[in-house]
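Trainee: Supplied in structure tokens, the structure appears directly below.
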Amino acid sequence: MTISKLLRSFTRFGRSVNFRYCKEASKTLVTSASTRGSPAAAVVGDAIKEFQYCARNMSTESKETPQTSQPTQTEERGKCIFCKICDGVQPTNIVYQDEEFVVFPDMRPAAPHHYLILTRHHYVDAKSLKKEHIPMVEKMVLIGKEVLTAQGGSPETARMGFHWPPFHSISHLHLHVIAPENEMGFIARGAFMTGSFWFVSPETVIQRLQGKL
Ligand SMILES: [Zn+2]
Ligand SMILES: [Zn+2]
144 MTISKLLRSF
154 TRFGRSVNFR
164 YCKEASKTLV
174 TSASTRGSPA
184 AAVVGDAIKE
194 FQYCARNMST
204 ESKETPQTSQ
214 PTQTEERGKC
224 IFCKICDGVQ
234 PTNIVYQDEE
244 FVVFPDMRPA
254 APHHYLILTR
264 HHYVDAKSLK
274 KEHIPMVEKM
284 VLIGKEVLTA
294 QGGSPETARM
304 GFHWPPFHSI
314 SHLHLHVIAP
324 ENEMGFIARG
334 AFMTGSFWFV
344 SPETVIQRLQ
354 GKL
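Each residue of the sequence shown is one higher than the one before, starting from 144 at the first, in the numbering used here.
Following this line, the structure appears as structure tokens:
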């Protein structure tokens, strides 16, 4: 399959999901393919798989285009499925909660253990965080390890990370904790590939907030 053919099918697919999202993603892909010197076809192919994976997880996501003015926290909460879970409006099997965080299993687990660590506060994503959020990210990691251990998993075998925009299916900050890593399927390994341009480790997020990246 040629690159242009791949890009066309990618755009077609993206249009059915969210055109703006796809356009941004295409740009990222092309840049990434050229800067990394990796075969563009492979990168685009991976991205299509990632989009298909996201689309399956998108049933609850709002497909509205983002507003130009900054919505208030209350406006966001009304529309966001993760805020509804945090507020107890949307029933979910919560395995841990405190005044700052809520943890529940991923609806489509990528391995026997797969949890989402959410902040109660509606942050859009890891990129929107500031330096003062470093302790919060560290706490999310700690809670992820504690929950995993309490659920019978082992933190040493876990993969943890945040989606990196524009590649997030739900725009509410959440840390994925997946274990054991070696039981993840092929597609999940791609979708949650730490160090990729769509999924980053907590360490990378912290380094970025410290201004080291
Ligand atoms: Zn939210
Ligand atoms: Zn996610």
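We treat Cβ as the ideally placed atom computed from N, Cα and C, and that holds for glycine.
1) How long is the line joining the alpha carbons of D230 and R263, rounded to whole angstroms?
2) Give the straight-line distance between the Cα atoms of I228 and L272, rounded to the nearest whole angstrom.
3) Closer than 7 Å by C-beta to N236: which residues in its own chain qualify, once you throw out the five before and the five after it? Chain order, please.
4) Under the criterion of a Cβ to heavy atom distance below 7 Å, does F225 qualify as lining ligand 1?
5) Thinking V238 and V320 are a contact (beta carbons under 8 Å), I'd like their distance in whole angstroms, please.
6) Use the C-beta contact count for A293: other C-beta atoms within 10 angstroms, 16 or more gives buried, fewer gives exposed.
7) For ligand 1, is there a heavy atom less than 7 Å away from the beta-carbon of E346?
8) Contact check, V280 vs I349 under 8 Å by CB: the rounded distance?
9) If you draw a straight line from the alpha carbon of V284 to that of P234, how long is it in whole angstroms?
10) If you follow the beta strand (DSSP E) that I237 is in, where does it begin and where does it stop?
11) Under 7 Å from any heavy atom of ligand 1, does the C-beta of R220 make it?
12) Nearer than 7 Å: is that true of the beta carbon of S312 relative to any heavy atom of ligand 2?
13) Tell me which residues share the same chain as W341 and place their Cβ nearer than 7 Å to its Cβ, disregarding the 5 neighbours each side in the sequence.
14) Nearest to P323 by alpha carbon, out of H317, T300 and F225?
15) To the nearest angstrom, how far is the alpha carbon of P255 from that of G287?
16) Under 7 Å from any heavy atom of ligand 1, does the C-beta of H315 make it?
Mentor: Looking at the coordinates:
1) The straight-line gap from Cα to Cα measures roughly 8 Å.
2) Roughly 21 Å between the two C-alpha positions.
3) Correct list, in chain order: F247 and P248.
4) At least one heavy atom of ligand 1 is nearer than 7 Å to the Cβ of F225, so yes.
5) Not quite, the Cβ-Cβ distance comes to about 11 Å (not below 8 Å), so this is no contact.
6) Exposed, because fewer than 16 other Cβ atoms sit within 10 Å of the Cβ of A293.
7) Not under cutoff, so the answer is no.
8) Between V280 and I349 a beta carbon distance of about 6 Å is seen, short of the 8 Å cut, so the two are scored as contacting.
9) Cα-Cα distance, rounded: 24 Å.
10) Counting along the chain, I237 falls outside any beta strand (DSSP E), and DSSP gives it neither H nor E.
11) Yes, since a heavy atom of ligand 1 falls inside the 7 Å radius drawn around the Cβ of R220.
12) Yes; taking the cut-off as 7 Å, the Cβ of S312 has a heavy atom of ligand 2 nearer than that.
13) E193, H306, W307 and F310, listed in sequence order.
14) Relative to the Cα of P323, the nearest Cα in the group H317, T300 and F225 belongs to T300.
15) C-alpha separation (whole angstroms): 15 Å.
16) Taken from the Cβ of H315, at least one heavy atom of ligand 1 lies inside 7 Å.
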